[in-house]
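Scroll down for the structure; my scribbles are underneath it.
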Amino acid sequence: MTQNRKNLLGLLVTLGCIIFAICVFQLFFYEEVPTPIPITEKLDPEKVRESIVRIETAADPTGYGTGFFVAPNLIATNIHVVAQPGPTSVVKIDIVRQVEDIGEKGSMQIISDVEKKTFLPVEGVMAYDVKNDLVILKVATEGTLLPIGNSNDVEIDEEITITSYRLPSTFMGIRGKSYKVEMGKIYSIRKSDKWLRTEISLGGGSSGSPLLNSKGEAIGIHTFSHYDFGYSLAIPSNALKKLLTKSKVVEPLAEWQKRKLIRSYAYSVQGQKSFDLGLFAEAVVHLDKAIQLNPKAIYAYTKRGTTKLNIGMSEAKLGNTQKALRLYKAAIDDYTQAIKINPKNAHAFTLRGEAKFELDDRKGALVDYDKAIKLNYRHGQVYQNQGSYKSDQGDFESKQGNSENAQRLYQDAVEYYTYAIERTPESGYYLLKRATVKSNLGKSLADQGNVEEARQHYQEAIEDCNKAKNLSPESVSAHTGRAYAKYLFGKFEVDQRNIETAKTFFEGAIEDWSQGIKLQPEETFKESKLSYAYNGRGITKIELGDIKTTRESPENAWGLYEEAIEDIIHATQLDSKSANAYTNLGYAKSKLGQSKTERGNVEDSQKLYEAAIGHLTQAVQLDPKYAYAYSNRAWVQNLIGKSEATSGNLKAAQKHYEAAIIDADQAIQFDLYNNFAYYNRGVSKVALGSAEAAIYDFDQAIQVNPRYAKAYYERGMAKEALGQTAEAKTDFDKAKELDPNVGK
């Protein structure tokens, strides 16, 4: 009995010591433990905001990071957010309702929500994890805890939310709100370290943001985005839980920033910033230092490899082939080093595959891509990412007038999509992506006069769409994708003067657009996609209307133009922010107006022209840099000017011609290779009596598009006005060769 009492007494003493220790620990660190945000069935992003802070560093006044409370006065964020030497501020931002009296004796009020900042002093670093880019900061002020979930329970395709304090945008001098809420899904889980890959690509300031599940639990910490690949990576929350169990000895931030491994992070950040600015040589210097300080810095190796790859591609464009090859090999060496450090690094395999592709080692590239897929990527996504990247680059080069570069990039994209198709033959998605690229490649080749090769690519594009449709007969994308391919093929055949063939393609395209619309009713279809289908059907009807105008009579085309207008109006109703749809609506009305002018119906045509100007103005308001809208408005101004001149209203005509030149100037400013803008500016200058200046514009239009029949014809007219009869005849002959109907 006595022994039992002694044991019980000992147990009570021990328990008392434990409770005392816990109390001392809480008093030392927290004083009072606030209640964490409750776990609920439905996430409330505004409630979560109470736990989120913004992190600002003196080293980069424009750079922000995000953090969140994991204990009353402990904040989790990324090491790279706070690695650079210098003062660091943790900022709590609250929304305050502000009421301002205005008007006579305060007769009116403006009520607005403003952000109120509270700066939380940083006392130091409590714990950090170099491998996982995690750090716990201790601050002097308490905050609301964010509940931490179990990252082992996370599933692929699980819906997640990321809340962050990103760099606020500014529009028309008004600074936007900095608190951002992004939604997406878990795309995959990295096998090597359980890092989470999300399908959300975030901007600056989002590093250190919590990934939240539907209950509002933090299941990950966002660390960085791969913009070229369209995804982001996040550290699993269980790594954070483990870190919270480590030593609670506070180390001053300035001392911690002097550690070699932390300095390595700081140089990596500098390297990334230099890379983003296009200062590739400077980026390599910073990344060299990062690797010297931490020979196992995987991120520094992969970023240095990517930097060398970019420099190599630039050298290749300049014709410095040997230098480019050396840089490609150096990039491969860096990626290989990253793989040696972590043989399960799927991203490094992907990047090395890209470098091998540039080195023309197709076989080696495929081996690396397949390895990446086996490690982490789902299905053929790695090839899709590379295909999209090459296709986008091809579009860019095409707009710059670099046809050969564009075609090479399109061919690379086709090759990537082919690999994706081979690995996922049951999916029609990659077939449709390849079809789009083949259509763009066909157009680029046609613009250079490679007719047969262009025709082959257009045919292959339609075949790809047919295969996709066979795989999924009810697929909306298969129908609209094939419609787009037929539309482009039809325009190509018009240029080749194969009018009946073109007519067949346009009619087939309209049928496919209609089927795509029919398959998905408005209430279940994404508005922007349905808008795309109506818009596509509308512009195809315009092309058919043009054929009827040329081969039959303007009156026979009116019905098609009116149907086109109805379709595109529907498109603008479904997507009121589409500058492209408003531009096409203006174009459709101007085509109908032009057709009515040819039949002497001046009053109706003037109304249509004015309406067209209104729609095109809406387009440039929606997108102030949309060159296509400006060049179309210039064209309509020319049509109105011509109509006014014919009616004897010369002053009014002059105003419209001058307005056309202003619009054409704007179009050229935003798109240096806009042949339609040069053509319209030339037409306006001729009308204003500046034939010599107009010839320059027609020269530019022809240089961009050597098959531009109207530009040859108008240049001939300008030369004839200057008495250059022989030169004019050469242009007229070339114009007739390209289009026998030009000038009629």
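Residue numbering for the sequence shown follows our numbering, starting at 110 and increasing by one per position.
C-beta atoms are modelled at their ideal positions from N, C-alpha and C, and glycine is treated no differently.
Look up ILE164 in the DSSP assignment and give the residues it is bridged to.
-> If you number the sequence shown from 1, residue 164 lands on position 55. Note: ILE164 sits in a beta bridge opposite GLY174, VAL199.
Stretch pair the stretch 770 to 778 + the stretch 811 to 818: three plus CB contacts closer than 8 Å = In this structure the stretch 770 to 778 does not lie against the stretch 811 to 818, because fewer than three pairs of beta carbons, one per stretch, are closer than 8 Å.
Give the C-beta separation of THR589 and GLY645 to the nearest angstrom, bearing in mind that I take them to be a contact with Cβ-Cβ under 8 Å.
-> Sequence index remark: in the sequence shown, residue 589 carries index 480 (1-based). Sequence index remark: in the sequence shown, residue 645 carries index 536 (1-based). Indeed, because the Cβ distance is near 7 Å, the residues count as touching under 8 Å.
So the beta strand (DSSP E) LYS289 belongs to, where does it begin and stop?
-> Residue mapping note: residue 289 aligns to position 180 of the sequence shown, counting from 1. From DSSP, the beta strand (DSSP E) with LYS289 extends over 288 to 298.
What's the call for ARG790, buried or exposed, on a 16-neighbour Cβ count within 10 Å?
-> Here residue 790 refers to the residue found at position 681 when the sequence shown is read from its first residue. Within 10 angstroms of the beta-carbon of ARG790 lie 16 or more other beta-carbons, which makes it buried.
Continuous alpha helix (DSSP H) assignments of at least 4 residues falling wholly in the stretch 504 to 592 | Taking only runs of at least 4 residues, the alpha helix (DSSP H) segments lying wholly in the stretch 504 to 592 are 512 to 532, 538 to 556, 560 to 580.
Compute the distance between the beta-carbons of TYR737 and THR692, then report whether it is under 7 Å.
-> Here residue 737 refers to the residue found at position 628 of the sequence shown. Here residue 692 refers to the residue found at position 583 of the sequence shown. Yes, Cβ-Cβ distance for TYR737 and THR692 is below 7 Å.
How many Å lie between GLY233 and ILE328 at the Cα?
-> Looking up residue 233 in the sequence shown gives position 124. Looking up residue 328 in the sequence shown gives position 219. Roughly 25 Å between the two C-alpha positions.
Look at the Cβ atom of GLU326, then the Cβ atom of LYS294, and state whether they are nearer than 7 Å.
-> Residue numbering aside, residue 326 sits at position 217 when the sequence shown is read from its first letter. Residue numbering aside, residue 294 sits at position 185 when the sequence shown is read from its first letter. Not in contact: GLU326 and LYS294 (Cβ atoms no closer than 7 Å).
Taking only the alpha-carbon atoms, compute the straight-line gap between CYS574 and TYR538 and give it to the nearest angstrom.
-> By one-based count along the sequence shown, residue 574 stands at place 465. By one-based count along the sequence shown, residue 538 stands at place 429. If I take the Cα positions, the gap works out to 10 Å.
What are the partner residues of VAL248, as DSSP defines its beta bridges?
-> As a working mapping, residue 248 is identified with position 139 in the sequence shown. Under the DSSP definition of a beta bridge, VAL248 partners with VAL231.
List the endpoints of the continuous alpha helix (DSSP H) containing PRO663.
-> By 1-based counting over the sequence shown, the position of residue 663 is 554. Unbroken alpha helix (DSSP H) run through PRO663: 663 to 683.
For ALA820, which residues of its own chain have a beta-carbon under 6 Å away from its beta-carbon, when the five flanking residues on both sides are left out?
-> On the sequence shown, residue 820 is found 711 positions in, with the first residue counted as 1. Result list for ALA820: TYR788, PHE807, ALA810, ILE811, in chain order.
Taking only runs that begin and end inside the stretch 438 to 504, name each unbroken alpha helix (DSSP H) of 4 or more residues, in chain order.
-> The stretch 438 to 504 contains these whole alpha helix (DSSP H) runs: 455 to 467, 471 to 484.
Buried versus exposed, by CB contacts within 10 Å (16 or more), THR706 = Your numbering for residue 706 matches position 597 in the sequence shown. Label assigned to THR706: buried.
Can you tell which of ILE184, ALA392, THR270, VAL290 has the C-alpha that lies nearest to the C-alpha of GLU251?
-> Against the sequence shown, residue 251 aligns to sequence position 142. Residue ILE184 is the option with its Cα nearest to GLU251.
Taking Cβ to Cβ, would you say ALA455 is nearer than 7 Å to ILE448?
-> In the sequence shown, counting from the first residue as 1, residue 455 sits at position 346. In the sequence shown, counting from the first residue as 1, residue 448 sits at position 339. The criterion of a C-beta distance shorter than 7 Å is not satisfied by ALA455 and ILE448.
If you drop the 5 nearest sequence neighbours on each side, which residues of the same chain put their C-beta closer than 8 Å to that of TYR593?
-> What you label residue 593 is simply residue 484 of the sequence shown in a count that begins at 1. For TYR593, the CB contacts under 8 Å within the same chain, skipping 5 residues up- and downstream, are THR545, SER548, ALA618, GLY645 in chain order.
Check each candidate in ILE450, THR430, ALA721 and name the one with the smallest Cα separation from ILE400.
-> Residue numbering aside, residue 400 sits at position 291 when the sequence shown is read from its first letter. For ILE400, the nearest C-alpha among the options comes from ILE450.
Take the Cβ of PHE615 as the centre, count every other Cβ of all protein chains shown within 10 Å, and call the residue buried at 16 or more, exposed below.
-> Position 506 of the sequence shown, counted from the first residue, corresponds to residue 615. Burial call: buried.
Below 7 Å between beta carbons: does that hold for ALA835 and GLU829?
-> As a first step, residue 835 must be located in the sequence shown, where it is residue number 726. As a first step, residue 829 must be located in the sequence shown, where it is residue number 720. Cβ atoms of ALA835 and GLU829: not closer than 7 Å.
Reduced DSSP category for ARG372 - H, G, I as helix; E, B as strand; rest coil = Numbered from 1 along the sequence shown, position 263 holds the residue referred to as residue 372. The answer is helix: DSSP assigns ARG372 an H, G or I state.
Just curious, the beta strand (DSSP E) that ILE269 is in, first and last residue?
-> As a working note, residue 269 is residue 160 in the sequence shown. ILE269 -> beta strand (DSSP E) spans 268 to 274.
Rounded distance between the beta-carbons of PHE598 and ILE571, thought under 8 Å | As a first step, residue 571 must be located in the sequence shown, where it is residue number 462. As a first step, residue 598 must be located in the sequence shown, where it is residue number 489. Taking C-beta atoms under 8 Å as the contact rule, ILE571 and PHE598 qualify, at a distance of about 7 Å.
Are ASN514 and GLU506 closer than 7 Å when you measure CB to CB?
-> Indexing the sequence shown from 1 puts residue 514 at position 405. Indexing the sequence shown from 1 puts residue 506 at position 397. In this structure, GLU506 lies closer than 7 Å to ASN514 by Cβ.
For the candidate residues MET292, GLY314, SER318, LEU342, whose alpha-carbon lies nearest to that of LYS858?
-> Because the chain here runs from 110 to 853, residue 858 falls outside it and cannot be looked at.
Collapsed DSSP secondary structure at ASN747 in the structure displayed | For the purposes of this step, residue 747 is taken as residue 638 along the sequence shown, with counting starting at 1. It is helical.
In or out: LEU396 buried (at least 16 other Cβ within 10 Å) or exposed?
-> Along the sequence shown, one-based indexing puts residue 396 at 287. Label assigned to LEU396: buried.
Cβ pair LEU402, ARG372 closer than 7 Å = In the sequence shown, residue 402 corresponds to position 293, counting from 1. In the sequence shown, residue 372 corresponds to position 263, counting from 1. At a Cβ-Cβ threshold of 7 Å, LEU402 and ARG372 count as neighbours.
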